[in-house]
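Have a look at the structure below before the remarks.
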Amino acid sequence: FVMTQSPLSLPVTLGQPASISCRTSQDLVNTDGITYLSWYQQRPGQSPRRLLYQVSKRDSGVPDRFSGSGSVTEFTLRISRVEAEDLGVYYCLQGTYWLLGQGTRLEIK
Amino acid sequence: QVHLQESGPGLVKPSETLSLTCTVSGDSIRTTSFYWGWFRQPPGRGLEWIGSLYYSGGAFYNSSLKSRFTMSVDASKTQFFLTLSSVTAADTAVYYCEVGDFWSATDYWGRGIQVTVSS
């Protein structure tokens, strides 16, 4: 099965919120009861960087305008107020089955 | 701080074997649930997961890439390796190594290495 990200392109206005969705047809809850769903950011010309793990836990140094939610088969990354440094491509990754989303390009409208 | 550095040839001929090394330096990884991972990104395209090797044991590979990839780690756990056999032009990409942990705020990436397959 696959991870389906949407939208694939997201034009945004700086200062406005943004949301990216990841969906799969299979239940992503691991046998230990934890959902290993992570979100990554890749700014232009840079290496990827993880933002969130276990759906909603922020990695070190990640601004609190980034948040994650969801369960079972549907997950969302939200940016409360988009800043210029947030532009780039975002990926979701499920760590039990190692499913990587196609990526969502966040760009200025 | 943990630092990762990929190394290897920048140019490989078709049908040859590509060998990449990721060297981990700096602070020690303070968990035992972490993994070493490899990703790649073809020119102008999205990120592709290649495989991951857990410190505690267990290796996972992207089944869509068939079985041309092999991952390993050295005894000191400071270097991990990726080999890709029978390369073609479709393997041209930036290759990234990662050390991550799904149970803690542990995630580090190398800067990536450009690999071009061409005769």
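Line by line, the protein sequences give chains D and V.
For the first sequence, the tail end lands on 109 under the working numbering, and the numbers increase by one without skipping.
For the second sequence, the tail end lands on 1119 under the working numbering, and the numbers increase by one without skipping.
In this text, a Cβ means the ideal position worked out from N, Cα and C, and glycines have one as well.
Note that the coordinates shown come from a computational prediction; the quantities given were computed from them, not determined experimentally.
Helix, strand or coil at residue i [DSSP, three-state]
i, result
"Glu74 (chain D)", "strand"
"Ser1104 (chain V)", "coil"
"Ala1059 (chain V)", "strand"
"Leu87 (chain D)", "coil"
"Leu14 (chain D)", "coil"
"Leu1065 (chain V)", "helix"
"Ala1075 (chain V)", "coil"
Listed by chain order, chain D residues near residue i by CB distance under 8 Å
i, result
"Ser1052 (chain V)", "Trp98"
"Phe1060 (chain V)", "Trp98"
"Gly1112 (chain V)", "Ser47"
Assumed close pair residue i, residue j - CB separation to whole angstroms, cut-off 8 Å
i, j, result
"Phe66 (chain D)", "Gln26 (chain D)", "That pair is no contact at about 26 Å."
"Leu1011 (chain V)", "Cys1097 (chain V)", "Their Cβ separation, rounded to whole angstroms, is 19 Å, which puts Leu1011 (chain V) and Cys1097 (chain V) out of contact at 8 Å."
"Tyr1108 (chain V)", "Arg1040 (chain V)", "The pair is not a contact, with the Cβ atoms about 17 Å apart (cut-off 8 Å)."
"Leu1047 (chain V)", "Gln42 (chain D)", "7 Å"
"Arg81 (chain D)", "Gly15 (chain D)", "5 Å"
"Thr104 (chain D)", "Pro7 (chain D)", "6 Å"
"Ser141 (chain D)", "Ala1105 (chain V)", "Only positions 1 to 109 of chain D appear in the structure, and residue 141 (chain D) is not among them; the question remains open."
Within chain V, partners of residue i - CB distance below 8 Å
i, result
"Arg49 (chain D)", "Asp1107, Trp1109"
"Asp59 (chain D)", "Ala1105, Asp1107"
"Gln102 (chain D)", "Gly1046"
"Gln42 (chain D)", "Leu1047"
Chain D contact residues for residue i, given Cβ-Cβ distances below 9 Å
i, result
"Tyr1096 (chain V)", "Ser47, Pro48"
Residue i and residue j closer than 8 Å at C-beta
i, j, result
"Gln94 (chain D)", "Leu37 (chain D)", "yes"
"Ala18 (chain D)", "Leu100 (chain D)", "no"
"Ser1072 (chain V)", "Phe1060 (chain V)", "no"
"Arg1100 (chain V)", "Ser47 (chain D)", "According to the sequence provided, residue 1100 (chain V) is Gly. The question's Arg does not apply to it. The answer is no: Cβ separation not under 8 Å."
"Val12 (chain D)", "Lys109 (chain D)", "yes"
"Phe1034 (chain V)", "Ile1050 (chain V)", "no"
"Val1117 (chain V)", "Thr1083 (chain V)", "no"
"Pro1009 (chain V)", "Thr1088 (chain V)", "no"
Partners in chain V for residue i, counting only beta-carbon separations shorter than 9 Å
i, result
"Gln89 (chain D)", "The identity of residue 89 (chain D) in the sequence shown is Val, whereas the question assumes Gln. Those within 9 Å of Val89 (chain D) in chain V are Gly1046, Leu1047."
"Gln54 (chain D)", "Phe1102, Trp1103"
"Ser38 (chain D)", "Gly1100, Phe1102, Asp1107"
beta-carbon residue i near the ligand MG non-hydrogen atom, thresh 7 Å
i, result
"Gly1058 (chain V)", "Questions concerning the ligand MG fall outside what the structure shown contains, since it holds no ligand whatsoever."
Candidates the options: closest to residue i by CA position
i, options, result
"Thr73 (chain D)", "D:Pro11, D:Leu14, D:Thr35, D:Gln16", "D:Thr35"
"Tyr1055 (chain V)", "V:Gly1037, V:Leu1047, V:Phe1069, V:Pro1009", "V:Gly1037"
"Tyr40 (chain D)", "D:Thr76, D:Ser71, D:Arg81, D:Ala84", "D:Thr76"
"Gln1001 (chain V)", "V:Pro1009, V:Ser1076, V:Arg1030", "V:Arg1030"
"Leu10 (chain D)", "D:Ile20, D:Thr4, D:Met3", "D:Ile20"
"Val62 (chain D)", "D:Leu52, D:Gly70, D:Leu87", "D:Leu52"
"Leu87 (chain D)", "D:Arg49, D:Met3, D:Thr31", "D:Arg49"
"Cys1022 (chain V)", "V:Arg1045, V:Gly1058, V:Thr1106, V:Leu1053", "V:Leu1053"
"Thr1078 (chain V)", "V:Leu1018, V:Gly1026, V:Gln1114, V:Thr1017", "V:Gly1026"
"Leu1065 (chain V)", "V:Val1115, V:Gly1057, V:Ser1085", "V:Ser1085"
Residues that residue i contacts on chain V, provided the C-beta gap is smaller than 7 Å
i, result
"Ser25 (chain D)", "Ordered by position in chain V, no residue passes the 7 Å Cβ test against Ser25 (chain D), which lies about 17 Å from the chain."
"Gly95 (chain D)", "Phe1102"
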